[in-house]
Structures are given as structure tokens and as C-alpha cells.
Amino acid sequence: MDEKEQLKEMELELQEVKEDLRDMLFDIRAYLMEAQTPIPNDLEKEKLRDELEAGRR
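Structure, rendered in C-alpha cells:
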């Protein structure tokens with residue numbers, strides 16, 4: 049394998065790693081934004097509703 053082929057393979061691998069890293073960062077960003085929002089998501093609403101109903105019993 050010559051140097052140009054090795055370089056091309058390394059560039060392709062680097063591009064894949066960059067895409068994976070970008071996806072992970074977007075996931076982290078979405079998680080943080082959801083955690084910091086004052087508006088509860090649907091799961092939190094359901095959990096809160098269940099807790100309130102359990103407290104009334």
C-alpha cells in the first residue's frame with residue numbers, strides 16, 4: 049500500500065470519527081437542553097400526574 053492510499057484511508061476514517069463525534073455532541077446538547085428547560089417533557093408530565101394521583105389516595 050503506498051502513502052497516498054494510506055493517507056486516503058486515514059482521511060476516510062477521520063471523517064467517520066468526526067461524524068460520530070458530532071452525533072455524540074448533538075445528543076449531549078439535546079440532553080442538556082431538555083434537562084435545563086423549565087417546560088417538562090411528556091414523560092415528566094406523566095410521572096408528575098402519577099405521583100399526584102398516588103398522593104391523593
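Position in the sequence shown (from 1) plus 48 gives the number in our numbering. Ideal Cβ placement from N, Cα and C applies to all residues, glycine included.
Collapsed DSSP secondary structure at residue i in the structure displayed
i, result
"D50", "coil"
Residue i versus residue j - alpha carbon distance
i, j, result
"K95", "E64", "39 angstroms"
"L98", "R104", "It should be pointed out that residue 98 corresponds to Asp in this sequence rather than to Leu. Those two C-alpha atoms are separated by around 10 angstroms."
"L80", "D50", "45 angstroms"
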